[in-house]
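full-length UniProt numbering numbers the first residue of the sequence shown as 1 and each following residue consecutively. Glycine is no exception: its CB is placed at the ideal position from the N, C-alpha and C atoms. This one's a predicted model, so the numbers in the text were calculated from it and none came from an experiment. Before any comments, here is the structure.
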Amino acid sequence: MKARHFQHERRTVLAEWSIGIDIGGTFTDLVALDYAGGKLHSLKMLTTYDDPSLVVMEGVRQLMATCGIAASEVGRVVHATTLFTNALISRAGARTGLLCNQGFMDAIEIGNERKYDLYDLAIDRPPPLVPRDLRREIPGRLDAHGNELEPLDRQAVVAMAHSLADAGATSIAVCLLHAYASPRHEQQVHAWIRQALPDVSLTLSSEVAPVIREFERGSTTVANAYIKPLADRYLAALEDKLATLGLRSGVLMMLSNGGLGHLRQARRNPIELLESGPAGGAIAAAHYGVCDQQPDLLAFDMGGTTAKLTLVEGGAPSIAHSFEAARRKRFAEGSGLPIGITTVHLIEIGAGGGSIAHQDELQLLKVGPLSAGSEPGPACYALGGEAPTVTDANLLLGYLNPDYFAGGSLRIDRDRAHMAVRTLARQLDRETVDVAWGIHDIVAENMAGAARVHLAECGRDVGDFVLLCTGGGGPLHAYYVAQKIGVRSIICPPAAGVASAYGLLIAPARADRSRTANFRPETGSLADLEREFAALEAQAREPLELVQDRFGPIEIVCRADGRFIGQAFNLSVRLPAGPYDQEGGEATATRTLLVAAFKQAYEQKFGRTPPNVPVELVNLRVAAEAPPRVAFVPEPLAGGAPPEPKAWRQVFFKEADDFVRTPVYDRAALTPGFRAAGPALVEDAGSTLVVGPKGALLQLASGNIRITIEE
């Protein structure tokens, strides 16, 4: 395999437009980039739950009409959606069957015998996506090295597949033992079923998650099969509908790994789309940080439904190779369905704007986890919602402008918000404003607490990071979240409210591939290691070739999930660049570098390494990434005289324990170098930035606003 070093070509600016569409739980955000003029145009609309494509079509029409965009000028459309995550949560996927080896049909229900709450005797585990009556066992067996112990029986396989189809299954997951070592049994099963039942959707574990751990591999395979028919219909229909607008350049999808993939790839493995929206936000945050030479960030993204945190180091979001979907207990690790895909490492850390405040069993104020979403929405939306939410509280505290919410596209009703919060205040025997502040404060404390724990688990010092806030709610809450964490500097980027949609348009193309190897670097064959990585590299390059005309040269990064012999769980580490098949003294140096890479990462996370224990690289991973050929260069901020406030209003701040007359600035009017002491508010079409009395804002030439908080 060739050495993995590439010369990045100079990316040119082309006179075209790109459109990014991010469907969230409450709002759908759309961004159009004008590459010739360096302008960003955005639109925020309520998500249409029954048919999310409706808001997509209406939003694209409005953007094209407002900006005067001809269909022929649109170079690409990039999409992210929560549709498939919601399908897992609400169990609205396809009726799915499972084919597995004899004796293993209950593996996806037994799980790994871990309890997310040790003291809960009636623990609520997530039920399998495939009920027991839709699981079938077939003869045939491979050993752990991929050697055949028992051949498959074609007649039995076809009979079991027909049995599942007769029971109503429209999608079948195939998860056979040791398919990570050899996929040939699963591939043979696929061929037989495809011939017998050509209309049934099929998912193979060897294609979706070819790594060890039976339960996690099975869970990932079943989840992909469960949402695959829905994804196939939705994405095909979306492509057709966009074509009716003249947009035939092809749709790219944001993947959970923070990269873009072809729509064809997404239809095949929609499980890779589960965290697509938040991944776009993380990519945008990393980009904005690099613009101001701030590569190490806590990226805080708060929308209408959830708030999430991502650690950005060296200008790149942290990456994980598994996560949980559809948790039964929102913040409890182990209470969801394990999904073994590469994803931006997102920590769900709190509520969103639509999260409902209520009185709990102890008669105390609690916020979430239930959300009003966009239907019926917060009480102030006047769309039928009556429960008090975070958005209602922020409106009463003066943080939100009822005439300029979502850029004025949605007028919110202060009286309805007051009525909803007042009803809760009476239950709690508190003043309405106290409850409104309590809602805001609880959300901030929940976020800060989760952030502190996450930083400690990663072995990081909070003092090394800056908080970068995005989403419609991030700038509203960042000031008090930062104070609680101990961060003294906040960055609020331009168009923060639609940052995830913007991130879709600046993201690279990316593909991740993995397989189990169980390689010992001190003694294993380096030639075998090189062959394994060469095969993975070829697999990772293949999907990028579908979009190679829009992206630059491919860069390859090799990683491995390592552990010390005797340990049960792995730590993912980046490996030094290959090639690895060296001889003599160079081979010894390569082995030393491989071991040192793991030990360094292990010591950083756990503080020390066990002496004289060999290292094993369990899973090998390759990431192929290519930057966009088209660079978006935003027009510089206009200079001029320092702007005056566009308005003043009464805003509640805890430091004063009262409402304070506060200036409100129009973000579009801020000039480079403009400074203002808190308290202050800065409004744009997608979000409102709150600067408290201890803060001071500075408008940077990059477009970012930096807030410094005094000790």
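Proximity below 7 Å, CB of residue i to CB of residue j
i: G398; j: R649; result: yes
i: S500; j: D22; result: yes
i: L255; j: L235; result: no
i: G474; j: F300; result: yes
i: E109; j: P128; result: yes
i: R510; j: N257; result: yes
i: P402; j: D392; result: no
i: D581; j: A527; result: yes
i: V443; j: A351; result: yes
i: I506; j: V466; result: no
i: P388; j: V421; result: yes
i: F215; j: N112; result: yes
i: L396; j: A425; result: no
Coarse secondary structure for residue i, derived from DSSP in three states
i: L149; result: strand
i: K2; result: Residue placement at K2 is poorly supported in this model, since its pLDDT is 36, which falls under 50; the coordinates are not used for a value here.
i: L410; result: coil
i: Y602; result: helix
i: P693; result: coil
i: V130; result: coil
i: T12; result: Summary for T12: the model assigns pLDDT 41, below 50, so the residue's position carries little reliability, and this model does not support an answer.
i: residue 738; result: Any answer about residue 738 is impossible in this case: the structure gives the chain only from 1 up to 711.
i: residue 749; result: Coverage of the chain is limited to positions 1 through 711, which leaves residue 749 absent and any answer about it impossible.
i: Q699; result: strand
i: P628; result: strand
i: G20; result: strand
i: K646; result: coil
i: N269; result: coil
i: I554; result: coil
i: V683; result: According to the sequence shown, residue 683 is Glu rather than Val. Of the three classes helix, strand and coil, the one that applies to E683 here is strand, per DSSP.
i: L396; result: helix
i: S500; result: helix
i: residue 737; result: In the structure as shown, the chain begins at 1 and stops at 711. Residue 737 is therefore absent and cannot be evaluated.
i: E137; result: strand
i: I709; result: strand
i: L428; result: helix
i: L594; result: helix
Burial state of residue i, where buried means 16 or more other Cβ atoms lie within 10 Å
i: S72; result: exposed
i: Y480; result: buried
i: V453; result: exposed
i: Y119; result: exposed
i: L177; result: buried
i: V633; result: exposed
i: L88; result: buried
i: Q294; result: buried
i: H145; result: exposed
i: T512; result: Before going further, note that residue 512 is Asp rather than Thr in the sequence given. D512 should be labelled buried.
i: T47; result: buried
i: R135; result: buried
i: S702; result: buried
i: L697; result: buried
i: A677; result: exposed
i: L121; result: exposed
Short CB-CB distance (under 7 Å) between residue i and chain C
i: D292; result: Structure shown: chain C not included; a single protein chain is present.
Supposed contact pair residue j and residue i - C-beta distance, whole angstroms, cut 8 Å
i: N394; j: L309; result: Not a contact, Cβ separation roughly 20 Å.
i: S219; j: P338; result: 5 Å
i: D296; j: V312; result: 7 Å
i: S276; j: T81; result: 7 Å
i: G303; j: G472; result: 6 Å
i: V78; j: S18; result: 7 Å
i: P543; j: G261; result: 6 Å
i: S468; j: G289; result: What sits at residue 468 in the sequence shown is Leu, not Ser. About 6 Å; that satisfies the 8 Å criterion.
i: F533; j: L617; result: Contact doesn't hold; Cβ gap of about 11 Å is too wide.
i: R61; j: L245; result: 7 Å
i: V630; j: G259; result: Incorrect: roughly 16 Å between the Cβ atoms, too far for contact.
i: L504; j: G280; result: 5 Å
Residue i: CB within 6 Å of a non-hydrogen atom of the ligand FAD
i: G140; result: Inclusion of the ligand FAD in the displayed structure is not the case, the ligand content being empty and no account of it being possible.
Practice task
Could you tell me whether the region 255-274 touches the region 91-99, where touching means 3 or more Cβ pairs closer than 8 Å?
Solution key: no
Practice task
Answer yes if the region 206-219 comes into contact with the region 27-43, meaning at least three C-beta pairs across the two stretches below 8 Å, and no otherwise.
Solution key: no
Exercise for the section: Decide if the region 141-157 is in contact with the region 173-186; the criterion is three or more beta carbon pairs, one per stretch, under 8 Å apart. Expected result: yes
Handout entry: the region 593-612 / the region 571-578 touching (three or more Cβ pairs under 8 Å)
Key = yes
Practice task
Count the C-beta pairs between the region 307-321 and the region 356-374 that are closer than 8 Å, then say yes if the count reaches three, no if not.
Solution key: no
Handout entry: Validate contact between the region 609-623 and the region 551-567 using beta carbons, cut 8 Å, 3 pairs
Key = yes
Problem - Three-pair Cβ contact test at 8 Å for the region 629-643 versus the region 421-434 - result: Taking 8 Å as the limit for Cβ pairs, the verdict is that the region 421-434 does not touch the region 629-643.
Problem - At least 3 beta-carbon pairs within less than 8 Å: the region 667-676 vs the region 599-606 - result: no
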